[in-house]
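To start, the structure under review is shown below, and the notes come after it.
Numbering (our numbering), first residue to last: 109 to 262.
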C-alpha cells in the first residue's frame, strides 16, 4: 500500500479526532443530565402546586381533630428535685442582672467607640474616659426616654 504525502494521516490528527469525539459525548451527557434534572424539578414544582391547591380548596369542616388526652397523673407527676435546684435565692437588688449587663454593654460600646472614632479625634476635642462616656450614654438614653428615664438607675 502506498501513500502519497497528501493522503498520509498527520501526526496528532488522529488523537485530535478522538478527543473531539470524546468532548462531544461528554457535553451531550451533561446536557442530558441537566435536562433530566430540570424536568424532575418542574414536575416536582407542579406536584407541589397541585397538592397545595387541593389542600387549600378542601373544606375546613372536613378535617377531623384528634383530641389531646392528658391524665391528671401526668400533670401532677413532677420531679421536685430538679425544681428546687434551679430556683435561686432572691437577691437584695432585683435589677442586679440588668446593671451588670448595662455595665458590660458600656464597656464594649466604649471600646467600639475608641477603636472607630479615635482616629478622627481633633486636637480641640476633650479626652473622654470610660466614666464620662458612660454618663454621656446614660444621659442620652434618659433624654430619649422622656419621663420614663427620669429617676431610673441609669
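Quick reminder that beta carbons are idealized off the backbone N, C-alpha and C, glycines included.
- [ ] Specify the secondary structure class of residue 180 as computed by DSSP and reduced to three states.
- [x] Walking along the chain shown from the start, residue 180 turns up at place 72. It is helical.
Task: Touch test, the region 203–219 against the region 231–248, Cβ-Cβ under 8 Å, three pairs minimum - done: The region 203–219 vs the region 231–248: in contact.
Task: 8 Å CB neighbourhood of residue 169 in its chain, flanking five on each side removed - done: For this step, residue 169 is matched to residue 61 along the chain shown. Cβ within range, chain order: n/a, list empty.
Task: Whole-angstrom distance between residue 144 and residue 131, CA atom to CA atom - done: Position 23 of the chain shown holds residue 131. Position 36 of the chain shown holds residue 144. Spanning the two alpha carbons is a distance of roughly 20 Å.
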